[in-house]
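Asker: Protein chains in written order, with numbering that gives the first Met the number 0: chain A, 0 to 266; chain B, 0 to 381. For each residue, glycine too, the CB sits at the ideal point set by N, CA and C. Bear in mind the structure is a predicted one, so any value in this text is a computation, not a measurement. Just passing along the structure, written as structure tokens.
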Amino acid sequence: MFTAGIDVGSVATKVVLLNENGVSYYLERPTGWNPRQASHEAYQELLHRARLDEAAVTAVVATGYGRIVLSFADWTATEITCHARGARYLVPEASLVIDIGGQDSKVIRIAPNGRVLDFVMNDKCAAGTGRFLTVLATALGVEVGELGALGREAEPAAINSMCTVFAESEVVGLLAEGVPKEQIARGLHEAIARRLASMAKRLGYAPGAPIAFTGGVARNPGVRQALEKRLGVPLVAPELCQFSGALGAALLARERPPGRPATGHRG
Amino acid sequence: MAIQSMQIFEEMKKGNAARVKQAKEDGRRVVGTYCTYAPEELILAAGAIPIGLCGTKKDPIPAAEEILPRNLCPLIKSSYGFAATDTCPFFMAADLIVGETTCDGKKKMFELMAELKPLHLMHLPQSPNDPASLALWTGEVRRFKEALEEAFQVKITDAKIREAIRIKNEENRARRRLHELNRRKPALLSGVQVLTASWLSGFVTDRRAVTAQLHQLCDEVEELAAKGHHFGRPEAPRLLVTGCPQGLGSEKVIRLAEENGAVVVAQEFCTGYKTLPLEADPEAADPLASLAQKYLRIPCSCMTWNTARMELVTRMIAEFEVDGVIDLTWQACHTYNIEAHRLAETVREKTGRPYLHLETDYSPSDTQQLNVRIAAFLEMLG
């Protein structure tokens, strides 16, 4: 039995194909300006790689901000529910999930069965998210993928603004003062960690228990290290950290085939 | 199944303003109010019409921001904006405005609004259980009575106050009956329907007539219920919405929750159920003192300590069989925002129900973000 999960994020669209043995295929592509088309193409590509006919997939569940525009999903679930399920699968020992995506960040407390117990999300702007890092990497003249390795030993520069626009001005100012970009990169990671750590503390986390770290920003070792220091617990960033939401959606599709939708959600 | 009597209230969206205008032309006096702390009984006893003023729509906010800071709650900006642009028909009709020193934003806004209309400001003390507070507030209620007598050249006798207390008690009992229809499981009405009728019935010229109309609606809903009518899916999650005042135009969170498959069965905010259980005693030796006691018992977040709100929410969760609580804070409303922490603890620890805090304003720009939070909360309950 195959099921699929599709996570239409603000930056990337992720798809995961699941069978009895676990994840069989996954891929991502930029969401771009047309989430409907991006998700359609990503799903078709996934089927092509798996050499599967659409009819062979029992159920498709969509999540992410673009979930409502999909025509081929059987039903939808929010990214909170999907990330909780996905993270539970990838990091079974975690009771807390920190997810930093392209334009939002969230902390989710989960029950042993993967159900959501409580959650907090960032405010309505993209402060302290992947978008924040992308813009500021550009200001530092590096690729966002390189940012994480930059300045891990450096003394962090103080970055006070969490607003992407203000932080950019602040970084430009620091560069003008001659502050090395390693220190600035470290300062940016500390700024994100400060915000996420306060969200995690607000929600209450069990000291000692590892935390699952997911979303695109989980690939940034600088942010992970800064968060671990603040929370005093190890953060586990699984290899499929970016696919946690899509995986969670595919798991939900397996648990609840079409015809039995979740609360009030339509396909 | 359509509820015929809802049309009475739907009609009020247009008709209320015309009727107030007509009443003015017939020589009636109108007193505009902004808050449930305004003792409406005294306005009725003065023979005037108490009427709530506009403050729940986003339209006049840009105009308000020419004077007021942007970082202020949308309710205050909207209220002032409607007044400054003269686009609220009830403000236009008002001979006098009554304000109260509730939160910092409101009391300072009233200083500016006083330049637009005659405005009587009541000094509201903020420690509800302190005897000195009651003494101060009773004096303020008396001073308001005198201001009405002076403004309208009338004598407000105890007999008139007793009569007004009876009218207002009857009206609030009718409104309370409407809210309490949703104690039933499954719910009989949507939260939006309850709010629509409850809200629009506050902008009327004839309180006795609106009391009868509210009962007519309740009677019809009960008859329909006897035939099997209910609202939404029988297993839909039952929510209590609390926090800042919400009315038509600013009901977006209630609407989104119901669009996502929940039923808002309980509304613990001041424009909802919060004040309805409170009554003055028409037989009291000093009816004015009884009025003062009634109003000082409103569990608003301006009060410290506001333990009465924790008790009310806890009681409503049990009585309305609530599955989850959404606490709405309008941006920059410090009192409700800070109190959210204690309320969250109370809800989670005393009742074991999940709790979601939302902070937003009147604009629709964050609809998708709110949708995700609300839908995720409902999935959590589901």
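Counting only Cβ pairs nearer than 7 Å, list the residues of chain A close to P124 (chain B).
Answerer: In chain order: nothing, as chain A lies at least about 33 Å away.
Asker: Any idea if A41 (chain A) is buried or exposed, counting beta-carbon neighbours within 10 angstroms, 16 or more meaning buried?
Answerer: With 16 or more other Cβ atoms within 10 Å, it is buried.
Asker: Can you grab the Cα-Cα spacing for the pair A163 (chain B) / T75 (chain A), in whole Å?
Answerer: Cα-Cα distance, rounded: 53 Å.
Asker: If we ignore side chains and look at the alpha-carbon of each, how far apart do T133 (chain A) and S362 (chain B) end up?
Answerer: Going by the C-alpha atoms only, they are around 28 Å apart.
Asker: Quick one: what does DSSP say I164 (chain B) is sitting in, helix, strand or coil?
Answerer: Here I164 (chain B) sits in helix by DSSP.
Asker: Sorted by chain position, which residues of the same chain lie with C-beta nearer than 7 Å to A205 (chain A)'s C-beta, five sequence neighbours on each side aside?
Answerer: These residues qualify, in order along the chain: S94.
Asker: To the nearest angstrom, report how far apart G247 (chain A) and N370 (chain B) are at their CA atoms.
Answerer: Approximately 19 Å between the Cα atoms of the pair.
Asker: Where do the N-terminal and C-terminal ends of the beta strand (DSSP E) with E165 (chain A) fall, by residue?
Answerer: Per the sequence presented here, residue 165 (chain A) reads as Phe, with Glu not at that position. Looking at the DSSP string, F165 (chain A) is not in any beta strand (DSSP E); the run it does join, the alpha helix (DSSP H), is 163-175.
Asker: Using a Cβ cut-off of 7 Å, which residues of the segment 66-88 of chain A contact any Cβ in chain B, in chain order?
Answerer: Within the segment 66-88 of chain A, the residues whose Cβ lies closer than 7 Å to some Cβ of chain B are A76, T77, E78, I79, T80, listed in chain order.
Asker: Cα separation between G150 (chain A) and V222 (chain A)?
Answerer: Roughly 11 Å between the two C-alpha positions.
Asker: Name, going along the chain, the residues of the segment 98-126 of chain A whose beta-carbon falls closer than 8 Å to a beta-carbon of chain B.
Answerer: Those would be D103, R114, V115, L116, D117, F118, M120, D122, K123, in chain order.
Asker: Going by Cα to Cα distance, which pick from B:I7, B:L43, B:H356 is closest to L202 (chain A)?
Answerer: Out of B:I7, B:L43, B:H356, B:H356 has the C-alpha closest to the C-alpha of L202 (chain A).
Asker: Measuring only between beta-carbons, confirm whether N18 (chain A) sits less than 7 Å from chain B.
Answerer: Answer no: the Cβ-Cβ gap between N18 (chain A) and chain B never drops below 7 Å.
Asker: Leaving aside the five residues before and after V19 (chain B) along the sequence, list all residues of the same chain whose C-beta is less than 8 Å from its C-beta, in chain order.
Answerer: Once the five neighbours on either side are set aside, the close Cβ partners of V19 (chain B) are V29, I48, I50, P88, F89, A92, F202, T204.
Asker: Could one say the Cβ of A374 (chain B) lies closer than 7 Å to chain A's Cβ atoms, at least one of them?
Answerer: With 7 Å as the cut-off, A374 (chain B) counts as an interface residue toward chain A.
Asker: Could you list which residues in chain B have their beta carbon closer than 8 Å to that of Y24 (chain A), in chain order?
Answerer: The contacting residues do not exist; Y24 (chain A) stays about 26 Å from chain B at best.
Asker: Note down the Cα distance separating E378 (chain B) from V235 (chain A), rounded to an integer number of angstroms.
Answerer: C-alpha separation (whole angstroms): 26 Å.
Asker: Would G263 (chain A) pass as an interface residue toward chain B - the criterion being a Cβ-Cβ separation below 7 Å?
Answerer: Its pLDDT being 42, under 50, G263 (chain A) is placed unreliably in this model, and the coordinates cannot settle the point.
Asker: Against Y64 (chain A), what residues of chain B qualify as contacts under a CB-to-CB distance less than 7 Å, listed in chain order?
Answerer: Neighbours of Y64 (chain A) on chain B, chain order: Q367.
Asker: Please go through the same chain and pick out, in chain order, the residues whose beta-carbon is closer than 6 Å to the beta-carbon of P281 (chain B), but skip the five residues on each side of it.
Answerer: Hits under 6 Å: R161, I164, R165.
Asker: Based on Cα-Cα distance, which residue from A:L46, A:R193, A:T213, A:E181 lies nearest to R229 (chain A)?
Answerer: Comparing Cα positions, the closest option is A:R193.
Asker: Looking only at its chain, what residues have a beta carbon closer than 6 Å to the beta carbon of G217 (chain A), apart from the 5 residues adjacent to it on each side?
Answerer: With the sequence shown as reference, residue 217 (chain A) is identified as Ala, and Gly is not the correct amino acid for it. These residues qualify, in order along the chain: A236, C240.
Asker: State the DSSP-derived secondary structure class of H122 (chain B), mapped to helix, strand or coil.
Answerer: Reduced to three states, the DSSP call for H122 (chain B) is coil.
Asker: Rounding to the nearest angstrom, what Cα-Cα distance links L71 (chain B) and G127 (chain A) in this structure?
Answerer: C-alpha separation (whole angstroms): 24 Å.
Asker: Is the shortest distance between the beta-carbon of V371 (chain B) and the beta-carbons of chain A less than 7 Å?
Answerer: Interface residue, yes.
Asker: Could you check whether the Cβ of E310 (chain B) sits closer than 7 Å to any Cβ belonging to chain A?
Answerer: Chain A, which has no Cβ nearer than 7 Å to the Cβ of E310 (chain B), makes this no.
Asker: In the structure shown, what three-state DSSP assignment does L135 (chain A) receive?
Answerer: Three-state DSSP puts L135 (chain A) in a helix.
Asker: Nearest to N85 (chain B) by alpha carbon, out of B:P59, B:P353, B:Q21?
Answerer: For the record, residue 85 (chain B) in the displayed sequence is Asp; it is not Asn. With distances taken between Cα atoms, D85 (chain B) lies closest to B:P59.
Asker: Identify which residue in B:L43, B:M112, B:E338, B:S77 has its Cα closest to the Cα of V153 (chain B).
Answerer: When each option's Cα is compared against that of V153 (chain B), the closest is B:L43.
Asker: With DSSP as the reference, please indicate the residues paired to F212 (chain A) in a beta bridge.
Answerer: For F212 (chain A), which the question treats as bridged, DSSP gives the partners A:I97.
Asker: Between the C-alpha atoms of A138 (chain A) and S104 (chain A), what's the straight-line distance to the nearest angstrom?
Answerer: Distance between the alpha carbons of A138 (chain A) and S104 (chain A): 22 Å.
Asker: With DSSP collapsed to three states, give me the class of L95 (chain B).
Answerer: If DSSP states are grouped into helix, strand and coil, L95 (chain B) belongs with the strands.
Asker: Judging by CA-CA distance, which residue of B:E310, B:L120, B:A82, B:T270 is the nearest neighbour of R175 (chain B)?
Answerer: Of the listed residues, the one whose Cα sits closest to R175 (chain B) is B:T270.
Asker: Does the CB of E338 (chain B) have a neighbour CB from chain D at under 7 Å?
Answerer: Here chain D cannot be found, since the structure's protein chains are A and B.
Asker: Who are the Cβ neighbours of V129 (chain B) in its own chain at under 7 Å, not counting the five residues just before and after it?
Answerer: Note on identity: in this sequence residue 129 (chain B) is Asp, with Val being the wrong assignment. Within the same chain, D129 (chain B) has no close Cβ partners at all.
Asker: Look at the alpha carbon of A131 (chain B) and the alpha carbon of T62 (chain A), and state the distance between them as a whole number of angstroms.
Answerer: Whole-angstrom Cα-Cα distance: 56 Å.
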